[in-house]
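Take a look at the structure below.
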Amino acid sequence: MRITQGTFSFLPDLTDQQIVSQIDYCITNGWSIGIEHTDDPHPRNSYWEMWDLPMFEVRDPAAILVEIKACRKALPNHYIKVNANNPLRGRETVALSFIVNRPQREPGFRLDRQEVGGRAIQYTIHSYAADKPEGERYDGERTDSGNGRG
Amino acid sequence: MRTTLSSNERYRAGVIPYAKMGYWEPDYIPKDTDVLALFRVTPQDGVDPIEAAAAVAGESSTATWTVVWTDRLTACEVYRAKAYRVDAVPNSPGQYFAYIAYDMDLFEEGSIANLTASIIGNVFGFKAIKALRLEDMRIPVAYLKTFQGPATGIVVERERLDKFGRPLLGATIKPKLGLSGKNYGRVVYEALRGGLDFTKDDENINSQPFMRWSERFLFGMEAVNRAAAATGEIKGHYFNVTAGTMEDMYERAEFAKELGSIIIMIDLVVGYTAIQSMAKWARRNDMILHLHRAGNSAYARQKNHGMNFRVICKWMRMAGVDHLHAGTVVGKLEGDPLMVRGFYDTLREPHTAARLENGLFFEQDWASLRMVMPVASGGIHAGQMHQLLHYLGEDVILQFGGGTIGHPAGIQAGATANRVAVEAIIQARNEGRDYLKEGPEILERAARWCSPLRGALETWKDVTFNYESTDTADFVPVATPTY
Amino acid sequence: MECISETQAAQDEVVDIGVALRESNIQDVLGELDGELIGLVPVKLRIRQIASLLLVERLREQMALCADPPSLHMCFTGRPGTGKTTVAMRMAKILHRLGYVRRGHLVVATRDDLVGQYVGHTAPKTKEILQKATGGVLFIDEAYYLYRAENERDYGQEAIEILLQFMENRRDDLVVILAGYKERMDSFFQSNPGMHSRIAHHIDFPDYSLDELIEIAELMARQQMYGFDEDSRAAFKEYLQLRIKQPLFANARSVRNAIDRIKLRQAVRLVEQGGRIAKQELARIDALDIRQSRVFQGGLDGAEVHSPAKALQV
């Protein structure tokens, strides 16, 4: 399957040039850029691993593309996304978020149902990836995958 | 005209013009803590506009048709509303804008019911006035702080859905009435699976013989969760919990919460008090609260009489809803672009300046009350995506009921078409393209690889709704509002 | 960039240098340089030469003539206050307009910005500066402080390594300008030949002449709506002659400091004088405002005593 999280997941995967354009838009708006990765793409997983700190005051998207490529190289089978943070008062949240890398095979999710009183059911989504421990979740993954930084 | 009389003259039994009773004060400077209201007054023939304005001020505060000695037991100068300015409406002979100031103590804290009962409770039937419309209000920060404001707000909603940087997409389930629970859930599943973020009950879907509410909730949540698992996204369906009594409403809302829904909806017709109660409940239970503005056009649409929708926008933001239908500009329902811009800014901005061309008569500071997500719903389709983004911006929910369910290749295809269209236009906008002008071309290009979008464009490309708006600006715009 | 043989390239293709120059818009930057900065004649000449070289390189590249991408890293030597940072900013603009850097902003860094205090601290610090400077120009002031041969626990060497890597492999992304005193830069390069070999252009910033410094003082005073009269101009010349010989003289920077202190003394004089004061008196600098300086007694002048570090900044 193909998880459709992020702002552009219904479009074909963005080329590096298109990624640079989007990052340029974020920089022009004064947003800092963060790169995050995960092997557990559950929709309620709010905290993917940070690939280093968010980048503030970086004027050239090329610098950020270098980091994206480094992250892809270190973790080719992880989901990687780019987040832009808007610090303006009253907003102070993410302004744009899109996926720039996916594992080759995405096993997706299982819906678990728990019958409770009456006809009601309690639902839980379970990601198949999380059946295996961290580091072994996708094919061809090294066991020492962590942040890959430093 | 002289303003107030000496107390001897003022309190002698009898009838005195309102303007001399202290309700007309042209030198009055409104305090920061005053509630201000702007009425469009059409006095009866022969009635002086200032007297009419003073009468409105009087009848919406302390006056009655004759002098009463008991006034003198009170600090009546404080409690009297003051009409402080009357302007003729441009190009509309016989109509006047009346500005009225109310002391904050006239109103109970945190009560929309009291605010409205005070301001519009009495005046609209007043014989001396042929027609009356409440155009706008300025709510002071001090009074705003007594309200909860939106339970969730745009920022938190986006964080809960984990969806940023694009409008959200929804669809009202069609046909409006008649589907059974299971069939209803089928439509929900297909639409969410295909790519929409939300689906929605219609305003009159409550609990009827063809489908009771709990059947809808049960089948609906199955559909929502199936779609979430299939896509990896957080999805929602607005379950309408409107009912005959508050007790029933709470029961339905609790059930929706128990089943794990992230959002519920209510209709404007439940009344201001019920809306505030539900907003409080929603905040306590981490539920997004959607409000359908059912019935507002009955009193909001005619320019000379009623209540302008922007006042409803203000009250609903104070009351605490998270979503509010506010117009589409290019769809099938009434909505002049300048006026709609005024509504959207009222809902979404932390602070709006007075802009007469958008119908914003007062500067309004929202005192950090959260932002309401406007909802655009009614006769819109994927082929208009560039116009929708241009007029309405990014923080909006675009609802394509017919535009999803009526797609020739099926509901999922309809949903996918809308989703691809919005993402493509957003991508182009971020890249710096003139997406309004190049919109059709951008959509065409996407349609080449996305056959659902191709189908949508083919089916609806000639659909427009071009009728004269009934509610338009009185003032000429100085610049066209765009995002 | 591939080499194309002479027979392949169209020999009679013509390029209009005048048009190319106009289109590049570097003339107004060069004009700004001439207008804003007093003196610096040899520097301005060098900048023009380099600009011409870069423009021609661009044209050659467009004509598909064999051209390795030119090395752009530079070294500015000279005493403090001689205009190095200002010229670096102009150079960034020129590079941007000729298309050699993508953004054309200037990031100023010293050793403290690049080097950490403990193991593992340096690399992320250096990397962060390099990220911020990507697309523009990185100006490293007093670059020789990066290298401290006597202290083997010093982490400056790591920063130098990272910089060298970047200057070599990411030439499209960044231009580095090192700056500092000439003698110290020379010995830094001796100890770091790798760095030396990557610098394409060395520009020396001579001290300002006495007349140039006076001109700078007049310009600064005018910008702040003050003015010298004949007496005070003469007094200031004497002041400068004495001050230049003293240690820690920072050219334009010292002139600016002197003007600040003159303004202070003028204010004190006017307040003590009291009474009604004509408008031009508020702007006039009197010789007294200058002669009160301790420099005339062989002492050190006001603020510069308390913060010698200030004088060291470019």
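Chains as they are written, first to last, in this note's numbering: chain B, 46 to 195; chain A, 35 to 517; chain Y, 330 to 643.
We treat Cβ as the ideally placed atom computed from N, Cα and C, and that holds for glycine.
Values in this document were obtained by computation on a predicted structure and should not be read as measured data.
**OP:** Work out the CA separation of Y/Glu567 and Y/Ile355 for me, nearest whole Å.
**Re:** 39 Å
Original post:
From A/Phe232 to A/His271, what does the alpha carbon distance come to, in whole angstroms?
Top reply: 5 Å
**OP:** Enumerate in chain order the residues of its own chain whose CB-to-CB distance from A/Asp505 is below 7 Å, with the five nearest sequence positions on each side excluded.
**Re:** Arg335, Lys337, Glu368, Asp370, Met373
**OP:** Name the residue from Y/Arg562, Y/Gly368, Y/Leu493 whose alpha carbon lies nearest to the alpha carbon of Y/Thr455.
**Re:** Y/Leu493
Original post:
Under 8 Å between the Cβ atoms of Y/Ser520 and Y/Ala472?
Top reply: no
Original post:
Of all Cβ atoms in chain B, is any one closer than 8 Å to the Cβ of Y/Asp502?
Top reply: yes
Original post:
From B/Phe53 to B/Ala140, what distance separates their C-alpha atoms?
Top reply: 13 Å
**OP:** Can you give me the Cβ contacts of B/Trp93 inside the same chain, cut-off strictly under 8 Å, excluding the 5 residues immediately before and after it?
**Re:** Glu81, His82, Thr83, Tyr124, Lys126
**OP:** Quick one: residues in its chain with C-beta nearer than 7 Å to the C-beta of A/Asn319, no 5 flanking neighbours on either side, listed in chain order?
**Re:** Lys291
**OP:** Take A/Trp247 as the anchor and find which of A/Met171, A/Glu397, A/Cys347, A/Glu288 has the nearest alpha-carbon.
**Re:** A/Glu288
**OP:** Would you kindly work out how many angstroms separate the C-alpha atoms of A/Glu285 and A/Ala277, rounded to a whole number?
**Re:** 10 Å
Subject >> Euclidean distance between Cα positions of Y/Phe625 and Y/Leu571 >> reply: 7 Å
**OP:** Return the first residue and the last residue of the alpha helix (DSSP H) that Y/Ile591 is part of.
**Re:** 580 to 602
Original post:
What residues in its chain sit with their C-beta under 7 Å from that of A/Ala401, if we drop five residues either side in the sequence?
Top reply: Val175, Leu178, Lys179
Subject >> Range of the contiguous beta strand (DSSP E) that encloses A/His339 >> reply: Where A/His339 is concerned, there is no enclosing beta strand (DSSP E), given that its DSSP letter is neither H nor E.
Subject >> Whether A/Ala88 touches A/Ala122 by CB criterion (8 Å) >> reply: no
Original post:
Among residues of its own chain, excluding the 5 on either side of A/Arg36, which ones have a beta-carbon nearer than 8 Å to its beta-carbon?
Top reply: A caution first: A/Arg36 carries a pLDDT of 46, below 50, which makes its placement in the model too unreliable to give a value.
Original post:
So what does DSSP say about A/Trp58, is it helix, strand or coil?
Top reply: strand
**OP:** Check whether the Cβ of B/Arg47 lies closer than 8 Å to any Cβ atom in chain Y.
**Re:** no
**OP:** Kindly say whether A/Pro384, judged by its beta-carbon, lies nearer than 8 Å to any beta-carbon of chain B.
**Re:** yes
Subject >> C-alpha gap between A/Tyr469 and B/Leu133, whole angstroms >> reply: 26 Å
Original post:
Can you give the Cα-Cα distance for Y/Met330 and Y/Asp397, rounded to whole angstroms?
Top reply: Because Y/Met330 sits at a pLDDT of 43, beneath the cut-off of 50, its placement in the model cannot be relied upon, and the point is left open.
Subject >> Below-8 Å beta-carbon distance, B/Gly153 vs any chain A residue >> reply: yes
Subject >> For B/Glu210, three-class secondary structure by DSSP >> reply: Nothing can be reported for residue 210 of chain B: it is not among the residues displayed for chain B, which extend from 46 to 195.
Original post:
Mind checking whether B/Ala108 and Y/Gln460 have CB atoms under 8 Å apart?
Top reply: yes
Original post:
If Y/Val437 and Y/Phe468 are in contact, beta carbons under 8 Å, what's the gap, nearest whole angstrom?
Top reply: 5 Å
Original post:
If we ignore side chains and look at the alpha-carbon of each, how far apart do Y/Arg432 and Y/Ala462 end up?
Top reply: 9 Å
Subject >> Proximal chain B residues relative to Y/Gln460, where beta-carbon distance stays under 7 Å >> reply: Met100, Val103, Ala108
Original post:
So A/Leu178 is in the beta strand (DSSP E); what residue range does that whole segment cover?
Top reply: It is not in any beta strand (DSSP E) - A/Leu178 instead sits in the alpha helix (DSSP H) that spans 175 to 178.
Original post:
Using a C-beta to C-beta distance shorter than 9 Å, which residues of chain B count as neighbours of Y/Gly428?
Top reply: Residues of chain B passing the Cβ test: none, with the nearest at roughly 14 Å.
Original post:
Bridge partners of A/Lys291, per DSSP?
Top reply: DSSP output for A/Lys291 lists no bridge partner at all.
**OP:** Go through its chain and collect everything with a Cβ distance to B/Arg104's Cβ below 8 Å, but skip five positions before and after it.
**Re:** Ile72
Original post:
Are the beta-carbon atoms belonging to B/Tyr173 and A/Asn464 less than 8 Å from one another?
Top reply: no
Original post:
Do A/Leu381 and A/Val364 have their C-beta atoms within less than 8 Å of each other?
Top reply: no
Original post:
Which stretch, first to last residue, makes up the alpha helix (DSSP H) that contains Y/Gln626?
Top reply: Counting along the chain, Y/Gln626 falls outside any alpha helix (DSSP H), and DSSP gives it neither H nor E.
**OP:** Can you give me the Cβ contacts of A/Glu428 inside the same chain, cut-off strictly under 8 Å, excluding the 5 residues immediately before and after it?
**Re:** Gly199, Arg200, Pro201, Ile460, Tyr517
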